[in-house]
Every structure is written in C-alpha cells, then in structure tokens.
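Engineer: Below is the structure I would like to discuss, written out as structure tokens.
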Amino acid sequence: MKQSTLFITILLLFTVSTFAQQRQSDPTTVTISANYSYSDPSLYGISAEFSKNKFGIFSQHTSTVLNISMSRMNYDNNLVEVQGTGFAVELGHRFYKTGGRKSGVYIQWLLAYSNTEFDEDTPLGHFDGKYSYWSLLNNDIGYKIKIGNNFSIDPSLGYNWKWEVAGKGDIDNIYSDNFVFRCGIKMGISF
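Take 185 as the starting number for the sequence shown in my numbering and just add one per residue.
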C-alpha cells in the first residue's frame, strides 16, 4: 500500500511540474546539459542550447543546439561481436511550440557526423575497423521541463537515418542499420 501511495505522489508531482510551466518569455539564455541518447551508436556527452538566434520570422520559437558526444556501438557480423568507441557531433535547430519560451514541447532537426573505431582481440583473431556516417535526417520530439529558473530535464524520442561512409578494415556496413530509432534525456543548467 505504501509503495502505491509513493508512486502516485511522485506521478502527481511530475504531472504538476510538466503542465505548470511558466508562461512568460524566457530571457536570452544558454543551457548546458549532460546528455545520453540510447540508439545505435549510443551517445553520451555535452549539449549546448543557444536561445538567441536569427531565424527569420521563427526566431521567437527556435534555438540552436550543439551536441558533442562520445559514441559506443556494438557490432555483430554473426561471427564475432565487438564493441567500439568514438565521437559524434550534431548541430541544428530546435523549434518550440510556444513563442518566446524555450521550454515545453519541441521538435528538433540536427546535422550529424559520427566516427566509431573498433580495435579488439577476438577468438577469431584481431578485429580492427572504422564505422562512420553523416546524417541529414536526424529528428526528435521532446519536452523540456524547467525546474525553477535554472534547471531543466529534457526527455526526447526520435530517429536517425544514417548515410554511411564505406566501412574500413573489418567493418562491413551490411551488418549495421541505416535507419534507427533513439530515445534520450538531457539534464541541464541555464544561465
């Protein structure tokens, strides 16, 4: 009985914080966040959101986003399974539903480049290779929840259509998906 009461209380607090967001305009802010995105490859790193930009008639609704992340990818070619690490850089715009506020419901579109390297000894010998891709179709929908004036939590769901660069070494792109879904979360501070 106590667990269900605790769960309902937490759910109510989350609901109130989600729907009781501020209605006034946000000042020009920069939000720095720690981010994690579960996908193929998974990304974890730093994100910066710049709310002031020159995007024509939509400038009240948009912000610019820069993500710099470490990548981690599992590669399985039906003979060996190896894990690689690397980096990813994403740059794009976020469009908020309500003008003047940089919180609430948004969609974002990012340009991305990722490079993951593999260097591992396996029972079948040494595995060495590089997997990289570009992406122009890298979209998310999310909800930026402001907690107080400076903190935010930012869950999102989306997809990434990867334009793969030919694999190098032991990597064959036939064993990796071009179209992947992803979910992520960011926790940040604004100033």
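Yeah, the Cβ is synthetic: ideal placement off N, Cα and C, and Gly gets one too.
#1: Give me, in chain order, the residues of the same chain whose beta-carbon lies closer than 7 Å to that of Ile252; leave out the 5 immediate sequence neighbours on both sides.
#2: Would you call Arg207 buried or exposed, if buried means 16 or more other Cβ atoms sit within 10 Å of its Cβ?
#3: Go to Lys286, then tell me how far its beta strand (DSSP E) extends in each direction, as first and last residue.
#4: Spatial neighbours of Asn357 within its chain, please: CB distance less than 8 Å, with the 5 preceding and 5 following residues excluded, ordered by chain position.
#5: How long is the line joining the alpha carbons of Val214 and Gly368, rounded to whole angstroms?
#6: If you reduce the DSSP assignment to three classes, tell me which class Asn362 lands in.
#7: Starting from Asn418, trace the beta strand (DSSP E) in both directions and tell me its first and last residue.
#8: Going by alpha carbons, who is nearest to Arg256 out of Val289, Thr300 and Thr282?
#9: Report buried or exposed for Leu294, applying the criterion of at least 16 other Cβ atoms within 10 angstroms of its Cβ.
#10: Jot down the residue ranges of each uninterrupted beta strand (DSSP E) in the stretch 220-278, minimum 3 residues, whole runs only, in chain order.
#11: Measuring alpha carbon to alpha carbon, tell me which residue in Asp354, Gly372, Ser374 and Trp318 is nearest Tyr259.
#12: Compare the beta carbon distance of Ser247 and Glu233 with 7 Å and say whether it is the shorter of the two.
Structural biologist: On the basis of the coordinates in this document:
#1: By the criterion of a C-beta distance shorter than 7 Å, Ile252 is surrounded in its chain by Gly229, Ile230 and Val273, once the five residues flanking it on both sides are discounted.
#2: With a pLDDT of 49 at Arg207, under the threshold of 50, the modelled position of that residue is not reliable, and the figure given next carries that caveat. When all chains shown are included, Arg207 counts as exposed.
#3: Careful: Lys286 lies outside any beta strand (DSSP E) and carries neither H nor E.
#4: The residues are Tyr315, Glu348, Ala350 and Gly351.
#5: Straight-line Cα distance between these residues: approximately 20 Å.
#6: In this structure, DSSP gives Asn362 a state outside helix and strand, which the three-state scheme calls coil.
#7: Since the first and last residues shown for the chain are 185 and 375, residue 418 lies out of range.
#8: Distances from the alpha-carbon of Arg256 to those of Val289, Thr300 and Thr282 put Thr300 closest.
#9: Buried, because 16 or more other Cβ atoms sit within 10 Å of the Cβ of Leu294.
#10: 226-234 and 246-260, all fully within the stretch 220-278.
#11: Closest by alpha carbon: Asp354.
#12: A contact, by the Cβ cut-off of 7 Å.
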